[in-house]
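So my numbering is basically just the index in the sequence shown, starting at one, shifted up by 71. One structure is given below, encoded as structure tokens.
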Amino acid sequence: MAALNLSLYPPSISSTVEPDHGITLDYADSGKLHRRGLYAQQHYVVTLNWDLLTLAQRDYLEDFILRYRLETVTFTLDGHDYTGELIGGPVRRWVSGQLYGLTAQYRAVRVASVDPIAAIIA
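If you want it as structure tokens, here you go:
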């Protein structure tokens, strides 16, 4: 499991966290479309956008995303810890001059610091 340190390169405010309600279209190895469905935990689609990156910053983030594209990645965004897998990106954008943008999308689960069942019992 890899950890993406968003305090080193904070994403821009256009980053979004949207709930994923558990039914996802997916392709099987045969290429036939089927649905995966209904999970035990709430999933989120987290879109991370970075704007106004220097070339070195863009290369670092892009290398990290590509290196760990098949692994579970953990990160903290807006005070919540997430663990998830890459579903889209990285997508490069040229912003202006020598500045770049980058976008990546993760399908993640919010990690709760307190077990909800233990909280009910307590």
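Glycine included, C-beta positions come from ideal geometry on N, C-alpha and C. Note that the coordinates shown come from a computational prediction; the quantities given were computed from them, not determined experimentally.
Ser86 versus Arg178: straight-line alpha-carbon distance, rounded: Answer to the nearest angstrom: the Cα atoms are 14 angstroms apart.
**Asked** Counting pairs of Cβ atoms below 8 angstroms between the segment 161-176 and the segment 111-129, do you hit three or more?
**Response** Contact between the segment 161-176 and the segment 111-129 is present: 3 or more CB-CB pairs across the two stretches fall below 8 angstroms.
Quiz item: If Pro161 sits next to Glu133, beta carbons under 8 angstroms apart, how far is it from one beta carbon to the other, in whole angstroms?
Solution: Between the beta-carbon of Pro161 and that of Glu133 there is about 5 angstroms, and that keeps the pair under the 8 angstroms contact cut.
Three-state secondary structure (DSSP) of Ile158: Strand.
Rounded to the nearest angstrom, what separates Val88 and Val117 at their Cα positions?
Rounded to the nearest whole angstrom, the CA to CA distance from Val88 to Val117 is 5 angstroms.
Integer Cβ distance of Val182 from Asp152, believed to fall under 8 angstroms:
The Cβ separation is near 4 angstroms, so the contact holds.
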